[in-house]
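**Q**
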Amino acid sequence: MKAGGAPMTGPASRGTGQESVLVVRDLHVTFPGGVLAVRGVSLDLAKGEVLGIVGESGSGKSITSLAVMGLLPAGARVRGSVRLGGRELLGLRDRELAAIRGGRVAMIFQDPLSSLTPVYTVGDQVAEAVRAHQRVSRDQAGKRAAELLDLVGIPAARGRAFPHELSGGMRQRVMIAMAVANDPDVIIADEPTTALDVTVQAQILEVLKAAREATGAAILMITHDLGVIAGLADRVMVMYAGRPVEVGPVDEMYARPRMPYTIGLLRSVPRLDLFDPGLTPGRGGGRTLMSIEGSPPPARDLPPGCAFAPRCPLALPACEAAEPELAPASAGDTGHRVACVRADEIAQGLPLVRPAARGQNGSPHPRDAKHPHARRPRHVRPSVLVVDGLVKHYPLVKGAAFKRRVGTVHAVDGVSFDLREGETLGLVGESGCGKTTTLQQIMELAAPQEGRIAVLGRDTAELGRADRRALRADLQIVFQDPLSALDPRMPVGDILAEPVRAHGGRGRRVGELLRLVGLDPDLASRYPQHLSGGQRQRVGIARALALEPRLVVLDEPVSSLDVSIQAGIINLLNELRDRLGLSYLFVAHDLAVVRHVADRVAVMYLGRIAEIGSVGEVYGRPAHPYTQALLSAVPIPDPVKERTRRRILLHGDLPSAADQPSGCRFRTRCPTFAALPAADREPCVTRRPAMRILNGTDQAVACHHAEAVPVL
74 MKAGGAPMTG PASRGTGQES VLVVRDLHVT FPGGVLAVRG VSLDLAKGEV LGIVGESGSG
134 KSITSLAVMG LLPAGARVRG SVRLGGRELL GLRDRELAAI RGGRVAMIFQ DPLSSLTPVY
194 TVGDQVAEAV RAHQRVSRDQ AGKRAAELLD LVGIPAARGR AFPHELSGGM RQRVMIAMAV
254 ANDPDVIIAD EPTTALDVTV QAQILEVLKA AREATGAAIL MITHDLGVIA GLADRVMVMY
314 AGRPVEVGPV DEMYARPRMP YTIGLLRSVP RLDLFDPGLT PGRGGGRTLM SIEGSPPPAR
374 DLPPGCAFAP RCPLALPACE AAEPELAPAS AGDTGHRVAC VRADEIAQGL PLVRPAARGQ
434 NGSPHPRDAK HPHARRPRHV RPSVLVVDGL VKHYPLVKGA AFKRRVGTVH AVDGVSFDLR
494 EGETLGLVGE SGCGKTTTLQ QIMELAAPQE GRIAVLGRDT AELGRADRRA LRADLQIVFQ
554 DPLSALDPRM PVGDILAEPV RAHGGRGRRV GELLRLVGLD PDLASRYPQH LSGGQRQRVG
614 IARALALEPR LVVLDEPVSS LDVSIQAGII NLLNELRDRL GLSYLFVAHD LAVVRHVADR
674 VAVMYLGRIA EIGSVGEVYG RPAHPYTQAL LSAVPIPDPV KERTRRRILL HGDLPSAADQ
734 PSGCRFRTRC PTFAALPAAD REPCVTRRPA MRILNGTDQA VACHHAEAVP VL
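FYI, in my numbering the residues of the sequence shown are 74 to 785.
1) When the Cβ atoms of the stretch 644–652 are set against those of the stretch 565–572, are three or more pairs found closer than 8 Å?
2) Can you check which of these residues, Cys757, Cys413, Thr103, is closest to Ala400 by C-alpha distance?
3) Return the CA-CA distance between Lys476 and Pro468, expressed in angstroms with no decimal places.
4) Nearest to Met294 by CA position, among Asp324, His452, Ile260, Ile515, is which residue?
5) Nearest CA to the CA of Arg331: which residue from Glu393, Val707, Arg415, Gly148?
6) Since Arg538 is in the beta strand (DSSP E), which residue starts that stretch and which ends it?
7) Taking only runs of the alpha helix (DSSP H) that begin and end inside the stretch 657–709, which ones reach a length of at least 4 residues, in chain order?
8) According to DSSP, is Gln602 helix, strand or coil?
9) Going along the chain, which unbroken runs of the alpha helix (DSSP H) with 4 or more residues stay wholly within the stretch 359–436?
10) Can you tell me whether Gly566 is helix, strand or coil according to DSSP?
11) Since Val460 contacts Val488 with CB under 8 Å, what's their CB separation in whole angstroms?
12) What's the gap between the Cα of Ser93 and the Cα of Asp117?
13) Just verifying my parser: in three-state terms, what is the DSSP assignment at Met248?
14) How long is the line joining the alpha carbons of His206 and Val155, rounded to whole angstroms?
15) Tell me which residue opens and which closes the beta strand (DSSP E) that Met516 is part of.
16) Give me whichever residues DSSP pairs with His466 in a beta bridge.
17) Work out the CA separation of Lys508 and Val453 for me, nearest whole Å.
18) Where Ala395 and Ala380 are concerned, what is the direct C-alpha to C-alpha distance, given to the nearest angstrom?
19) Between Gln276, Asp374, Val670, which lies nearest to Ala110 when the distance is taken from Cα to Cα?
20) Between the alpha carbons of Arg217 and Ser187, how many angstroms are there, rounded?
21) Near Asp635, which residues of its chain fall below 6 Å by C-beta distance, leaving aside the five closest residues on each side in sequence?
22) Classify Gly355 as buried or exposed, calling it buried when 16 or more other Cβ atoms lie within 10 Å of its own Cβ.
23) Count Cβ pairs between the stretch 692–707 and the stretch 261–273 that sit closer than 8 Å; are there 3 or more?
24) How would you call Ala664, buried or exposed, if buried means at least 16 neighbouring beta carbons within 10 angstroms?
25) Which of the three DSSP states, helix, strand or coil, is assigned to Asp307?
26) Skipping 5 residues on each side, what residues in its chain have a beta carbon closer than 7 Å to that of Pro744?
27) Quick check on Tyr193: does DSSP put it in helix, strand or coil?
28) Can you grab the Cα-Cα spacing for the pair Leu498 / Phe659, in whole Å?
29) Tell me, please, which residues DSSP counts as bridged to Gln522.
30) Is there contact here, the stretch 220–239 with the stretch 275–289, by at least three beta-carbon pairs under 8 Å?
31) In the stretch 263–300, which residue ranges form an unbroken alpha helix (DSSP H) of at least 4 residues, counting only runs that do not cross its ends?
32) Return yes when the C-beta of Leu727 is under 7 Å from any heavy atom of the ligand HEM, and no when it is not.
33) Out of Ser115, Arg668, Val199, state which residue places its alpha-carbon closest to the alpha-carbon of Val707.
34) How about Val612 and Leu620: are their beta carbons less than 8 Å apart?
35) Which runs of the beta strand (DSSP E) fall wholly inside the stretch 205–264 and span at least 3 residues, in chain order?
36) Can you give the beta carbon distance from Ile685 to Ala675, rounded, assuming they're within the 8 Å contact cut?
What follows is the structure in structure tokens.
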């Protein structure tokens, strides 16, 4: 340990054989108004250990980390104990804490763009972190900054860039470089992979592993996604309503969870490893995601007894009488502890009984209540959307009047696909690949720059103003962020009634719409800001369905939601599609989510489709190396599989759409191209690969060497 004081050990550190560098005991955080944000958190963190803290938004994860760092607002009341290397941190003056922050305890925040100073280069900011805690010259700090940036995979030349000139993944790497600059004892990573593409997420997790190995620091990893930490953490703590409800070694927790809340979180994660290509696509490969009904209780009005009881399918009267304490999950103490009165019954196989899904009239939905379209073969269904050779280029201009053209941004460059009645097509790819631009071109219902778009058999280039207005009733969209998509000045009832009034009364009534998406009609009088994230997204879906459309475009509809809420939305979308005969164009960057929704999937890269086909074909035997990389980057909530799976890490960032590589656009990051003999690389460098059908399949791929790509 770097500081004096008696060493402290505890159950959290026994598996590592190391003394605890961070010990938290009975931590409570209360905000004005009686908000109980953290209630009795205790943890031990040993040198080199990774503890994952998981739970839904509002569970107290981030508040716990801020309390450790001494970064809570002045109105917060904190009691308990936080000891770093034996030294008590609670009660220290701000000057004393400033010497510890960034030195012995470092933090990686969720949003690197808001955490980095926009007017300084990233190299200068890393050097500043060094000089803040070490007596070194400016030149020495600059050299150390270059070493740190190299450690996290950023070339030294990029240190002269400003934060806005870097991608999200590179900015997060800079934050990691700053965190390890002074060889800290503890690194706190607060949702460091949230909102990142799965490929970048995989890179960040690898960088965190490298940082731990280089510094020996312990890591406190905070996330809402159990899949993210499966291959990184040594132990896991699950928090709910401000307190731990289950904690233990990662393998034990994932294999034998004892708390219904933990089980619900695990079962709500979309998984690729349980996918059977032979089963019906678009239905989760035969597996329905488990959603946790309801929302976490408000921190100022907690229910009596177990806080999870109102949402728990196994709740008993005893659960409401008293809040259970963390207790050993088995007689042989392995460090696995759980706060549940039915933990022993769950260990013996007690199943979680879920309430039947309710229909719009309050009756359960029959399993076979599918629209007739769902039973017809694809080739006999009419097309509801045809995109053929779509091109959208933007001029790149500069100068005071922005009149001098210096290049062209090839946002979409020859995209073609079709969507049939009652079908879901998943459109996937990293940020910047052209997904959103493709959606915008479709939603405009106007003549594209080049190519052709036909919606419900109508060529958009031939539509007049009245035709376009009429067609909009049949083409609706659900946005990524429901809070910004819903008018905060209007109650839910008015939001849902507005499109119906705009189209002359055609469509469903408000109460019917709310029941259709699983909401209580009484919510019609509430405003969007008074609803939970999941409820707001259900309102967004209801609004899209108000005019009884035939085609719905879904733009990242679950990416901003907790995984438990996300599962309910995915199940709802599948159910609505089957019952109403809807067609979906589902845009996402997470292939695990798309696998649970789509019948077919199109993978985009730099404005073009790299691979397209049925879910069974593309997921079962991906033919493009980019598809393989995307699939291998998706985390699996199984520690054993995460440690042994083959992972393809893409090096570098997505090239600029204004300065694309010649030939195959993926070749600069392609592992197959890198492994080819020099004599076989010429086609990839000089010729753009054409889309071609693989023999005996409905799968098409744009790759010169698709047959040489090994199967995952």
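Backbone N, C-alpha and C fix where the C-beta goes; we use that ideal spot for every residue, glycine too.
**A** In terms of the structure at hand:
1) No, the stretch 644–652 does not touch the stretch 565–572.
2) If we check each option's Cα against that of Ala400, Cys413 comes out closest.
3) Inter-residue distance for Lys476 and Pro468 is about 10 Å (C-alpha atoms, whole angstroms).
4) It is Ile260 whose Cα lies nearest to the Cα of Met294.
5) Restricting attention to Glu393, Val707, Arg415, Gly148, the CA atom closest to the CA of Arg331 is found in Arg415.
6) Looking at the DSSP string, Arg538 is not in any beta strand (DSSP E); the run it does join, the alpha helix (DSSP H), is 538–545.
7) The alpha helix (DSSP H) runs of length 4 or more contained entirely in the stretch 657–709 are, from start to end of the chain, 664–668, 688–693, 698–706.
8) It is helical.
9) As far as the stretch 359–436 is concerned, its whole alpha helix (DSSP H) runs of at least 4 residues are 390–394, 416–420.
10) DSSP, read as helix, strand or coil, puts Gly566 in helix.
11) About 6 Å separates the two Cβ atoms, so the contact holds.
12) So the alpha carbons of these two residues sit roughly 6 Å apart.
13) Looking at Met248 - three-state DSSP - the assignment turns out to be helix.
14) Cα to Cα, His206 sits roughly 22 Å from Val155.
15) Where Met516 is concerned, there is no enclosing beta strand (DSSP E), although the alpha helix (DSSP H) around it starts and stops at 508–517.
16) Per DSSP, His483.
17) Looking at the two C-alpha atoms, the distance is approximately 27 Å.
18) Roughly 10 Å between the two C-alpha positions.
19) Measuring from the Cα of Ala110, the nearest candidate turns out to be Asp374.
20) Looking at the two C-alpha atoms, the distance is approximately 24 Å.
21) Closer than 6 Å at the Cβ level, and outside the excluded window around Asp635, lie Glu129, Ser130, His297.
22) Unreliable positioning characterises Gly355 in this predicted model, as indicated by a pLDDT of 45, which lies under 50. The coordinate reading is nonetheless provided below. Gly355 is classed as buried because its beta carbon has at least 16 other beta carbons within 10 Å across all chains shown.
23) Contact between the stretch 692–707 and the stretch 261–273 is present: three or more C-beta pairs spanning the two stretches fall below 8 Å.
24) It should be pointed out that residue 664 corresponds to Leu in this sequence rather than to Ala. Leu664 is buried by the Cβ-count criterion.
25) In the structure shown, Asp307 sits in coil (DSSP, three-state: anything other than H, G, I, E or B).
26) The answer, listed in chain order, is Pro698, Ile721.
27) Tyr193: coil per DSSP, three-state reduction.
28) Between Leu498 and Phe659, the C-alpha separation is close to 6 Å.
29) Within the DSSP bridge table, the entry for Gln522 names no partner.
30) Touching, yes.
31) DSSP assignment within the stretch 263–300 yields the following whole alpha helix (DSSP H) runs of 4 residues or more, N-terminal first: 271–288.
32) Among the ligands in the structure shown, none appear at all, so the ligand HEM cannot be discussed.
33) Of the listed residues, the one whose Cα sits closest to Val707 is Arg668.
34) No. Outside cutoff.
35) Qualifying beta strand (DSSP E) stretches, in chain order: 259–263.
36) Yes, Ile685 and Ala675 are in contact; Cβ-Cβ is about 4 Å, under 8 Å.
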